[in-house]
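Enquirer: If you scroll down you'll find the structure; I have some questions about it.
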Amino acid sequence: MAGPLYMDAVIRQNASLSPTGFKVLLTAVVAFNVVFAVFLFVLGAWPVPIFLGLDVLAVWLAFRASFRAAERKEHVRVSAETVEVSLEAEGREKRVWTSPTAFTGLDVEAFGQDDTKVRLRMHRRRYLVGRALSPGERADLGRALDDAIRAARAERYPAA
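Our numbering puts the first residue of the sequence shown at 6, with every later residue one more than the last.
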């Protein structure tokens, strides 16, 4: 991408809990389950502690998936020549959208208050941008992206 960038945004999901908070939470869940498992084992319900262990495993897997999702980044760049969107996960970057700025359209669809979608389009191709953002943040992204595309076009094709 040569020339000035009209938008250079990195979009990432908010982490649900800090690593320290996760350790505290998992320790509390394990401690509670161990105490409860011992109580149930003494009462003779020895199979139940196995399922309590599965609960701990489910919590750990859910947070692991959440932390992985928080590591993913979506990079949106707009220049006078191109609009590029790339995804970065686990240190690898993958370009998922590249189109000439002049032919790139933008659709911001609001389905009530709770859902907004921002789509880049060129001919029949479409790409949903900002999935990790809240509906309000997606609307703001749509306005900023529209402004950036208009400014980039204005540089390349100035009004006479």
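Glycine included, C-beta positions come from ideal geometry on N, C-alpha and C.
#1: Between alanine 33 and serine 71, what straight-line distance do the alpha-carbon atoms span, to the nearest angstrom?
#2: According to DSSP, which residues form a beta bridge with alanine 14?
#3: Look at the Cβ atom of valine 83, then the Cβ atom of leucine 125, and state whether they are nearer than 8 Å.
#4: Have a look at threonine 121 and valine 43 and give me their C-alpha separation to the nearest angstrom.
#5: Whose C-beta lies closer than 6 Å to the C-beta of leucine 92 among residues of the same chain, with five residues either side of it excluded?
#6: Using C-beta distances below 6 Å, list every residue in its chain close to valine 15, excluding the 5 sequence neighbours before and after it, in chain order.
#7: Please identify the residue among Gly117, Thr109, Phe37 and Glu114 whose C-alpha is closest to the C-alpha of arginine 129.
#8: Taking the alpha helix (DSSP H) that glycine 110 falls in, what are its first and last residues?
#9: Rounded to the nearest angstrom, what separates alanine 2 and phenylalanine 46 at their Cα positions?
#10: Taking the continuous beta strand (DSSP E) assigned at threonine 87, which residues delimit it?
Expert: On the basis of the coordinates in this document:
#1: If you number the sequence shown from 1, residue 33 lands on position 28. If you number the sequence shown from 1, residue 71 lands on position 66. Straight-line Cα distance between these residues: approximately 19 Å.
#2: For the purposes of this step, residue 14 is identified with residue 9 of the sequence shown, where counting begins at 1. According to DSSP, which records beta bridges pairwise, alanine 14 is partnered with Val81.
#3: Locating residue 83 in the sequence shown gives position 78, counting from the first residue. Locating residue 125 in the sequence shown gives position 120, counting from the first residue. Taking a C-beta distance under 8 Å as the contact criterion, valine 83 and leucine 125 do not qualify as a contact pair.
#4: The count along the sequence shown starts at 1 and reaches residue 121 at position 116. The count along the sequence shown starts at 1 and reaches residue 43 at position 38. Each residue's Cα considered, the two are about 49 Å apart.
#5: Within the sequence shown, the letter at position 87 stands for residue 92. In its chain, beyond the 5 residues on either side, Glu79, Lys99 and Val101 have a beta carbon closer than 6 Å to the beta carbon of leucine 92.
#6: As a position in the sequence shown, residue 15 is number 10, starting the count at 1. Beyond the five residues adjoining it in sequence on each side, valine 15 comes within less than 6 Å, by CB distance, of Lys78 and His80 in the same chain, given in chain order.
#7: One-based indexing of the sequence shown puts residue 129 at position 124. From the listed residues Gly117, Thr109, Phe37 and Glu114, the smallest Cα separation to arginine 129 is found for Thr109.
#8: Counting from 1 along the sequence shown, the entry for residue 110 is found at position 105. Where glycine 110 is concerned, there is no enclosing alpha helix (DSSP H), although the beta strand (DSSP E) it sits in stretches over 110-115.
#9: The chain is shown from 6 up to 165; residue 2 falls before or after that span and cannot be answered.
#10: Numbered from its first residue, the sequence shown carries residue 87 at position 82. Note, threonine 87: beta strand (DSSP E), 87-94.
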